[in-house]
Amino acid sequence: MNNYLLFALPGNDVLAHSLADKSKIELGLVKFHVFPDGEDYLRVESDVKNKIIILVCTLDHPDAKILRLLFLAQTLRELGATEICLLAPYLPYMRQDKHFQSGDALTSTIFAKLLSSFVDRVITIDPHLHRIHNLAEIYSVSNITTLHASKKIAEWISAKITSPFIIGPDEESKQWVREVAEQVNASYAIISKIRHTNGSVDITLPDFKDHNKNLILVDDIISSGATMLTTLRKLDLRGFKNINCIGIHALFDKTTYNDLLSAGATRVVSCNTIPHFSNEIDLADLINDQIQKEP
Ligand code: R5P
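If you're matching positions, the sequence shown starts at 3 in the numbering used here and goes up one per residue.
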């Protein structure tokens with residue numbers, strides 16, 4: 003893959019280095035600086051003419067990251083890069099996918115339109131697909147690839163937890179919970195959830211009585227933690243203890259991780275789509291396999 007170069011946006015160095023090692027693609031050099039007034043400066047120091055570029059940039063807290071990413075993508079193009087592929091392990095703005103109230107901005111669509119005008123391809127991992135069923139409905143890039151963490155989550159569960167029983171905290175979670183459960187040969191249950199505000203949800207537990215199993219909550223995103231915390235509390239009332247929590251994307255507020263442990267979670271584990279010390283499930287091989295398939 004001599005005609006490829008990987009570029010790491012700030013905060014993405016660990017994953018980018020791991021991918022560079024695995025894929026044998028060279029890392030491009032770029033200098034970033036923030037002026038005292040808060041404006042970004044960047045300078046590309048590698049020769050990118052006729053190269054295919056993979057920009058490694060996870061997009062949690064996207065507003066602080068997006069301009070720098072767009073500045074770099076456009077600069078690379080002006081310097082002669084032939085194609086810009088964005089590897090965004092976490093793709094944001096997927097939850098505001100309908101007008102919940104009149105006047106709401108449909109940010110999922112606006113954000114997709116913006117990104118699509120700067121990059122040619124996107125690779126991402128388990129985006130929050132709910133009312134939008136396929137990213138191609140809102141992204142107009144020439145190619146968009148969605149990878150799934152379920153196999154790697156299943157491998158982690160098989161290595162660490164005996165007699166698992168998987169729980170999905172809402173209807174949307176069924177897509178990945180079912181896949182994980184099948185791969186570890188476990189049963190699963192899906193909870194129904196009603197969200198009131200960002201940090202407040204109501205859940206209804208289905209009837210299951212497997213007290214001799216090790217319960218694992220699996221969700222795509224853990225953010226405020228309200229979904230998992232409410233579930234942990236209800237499970238506790240039913241006498242279920244020692245529950246493991248797995249989130250693909252660790253969006254965590256400042257207190258989320260500790261709140262989950264305080265509520266009785268035995269372990270809180272995430273995939274490395276967003277850097278966090280809970281990143282026990284490494285998806286670099288999954289991403290590299292995809293990079294190797296790229297044209
Ligand atoms: C939403 O439906 C997602 O699948 C997650 O359940 C949600 O984003 C988790 O957010 P929080 O941790 O704030 O409850």
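Just so it is clear, CB atoms sit at the ideal spot from N, CA and C, and this is done for glycine as well.
All values derive from a computational prediction rather than experimental measurement.
Short of 7 Å in beta carbon distance, which residues of its chain neighbour residue 228, apart from the five on each side in sequence? Order them along the chain. 201, 202 and 203
Apart from the five residues just before and just after residue 194, which ones in its own chain have a Cβ nearer than 6 Å to its Cβ? 206
Is residue 221 near the ligand R5P, going by C-beta to nearest heavy atom under 7 Å? yes
Cα-Cα separation, residue 258 to residue 214: 28 Å
Does any heavy atom of the ligand R5P sit closer than 7 Å to the C-beta of residue 172? yes
From residue 119 to residue 24, what does the alpha carbon distance come to, in whole angstroms? 30 Å
Reference residue 17, options 39, 169, 289 and 87, closest by Cα: 289
Give me the Cα-Cα distance between residue 167 and residue 27, rounded to the nearest whole angstrom. 40 Å
When every heavy atom of the ligand R5P is checked, does at least one fall within less than 7 Å of the C-beta of residue 110? no
Buried or exposed: which applies to residue 55, given that a residue is buried once 16 or more other Cβ atoms fall within 10 Å of its Cβ? buried
Any non-hydrogen atom of the ligand R5P closer than 7 Å to residue 229 Cβ: yes
From which residue to which residue does the beta strand (DSSP E) around residue 145 run? 145-149
Count the other CB atoms within 10 Å of the CB of residue 53; is the residue buried (16 or more) or exposed (fewer)? buried
Taking 7 Å as the cut-off, is the CB of residue 155 close to at least one heavy atom of the ligand R5P? no
Strictly by DSSP, which residues pair up with residue 43? 35
Between residue 171 and residue 47, what straight-line distance do the alpha-carbon atoms span, to the nearest angstrom? 46 Å
Return the CA-CA distance between residue 127 and residue 93, expressed in angstroms with no decimal places. 8 Å
Can you list the beta strand (DSSP E) stretches of 3 or more residues lying completely in the stretch 62-145, in chain order? 85-90 and 123-127
Nearest by alpha-carbon distance to residue 84: which of 7, 236, 177 and 163 is it? 7
Identity of the residue in 293, 159, 264 and 292 nearest residue 248 by Cα: 159
Taking residue 178 as the reference, which of 162, 199, 157 and 153 has the closest Cα? 153
Helix, strand or coil: how does DSSP classify residue 255 here? coil
By how many angstroms is the C-alpha of residue 99 removed from the C-alpha of residue 134? 7 Å
Please identify the residue among 33, 147 and 224 whose C-alpha is closest to the C-alpha of residue 62. 224
Kindly indicate the opening and closing residues of the alpha helix (DSSP H) around residue 234. 228-239
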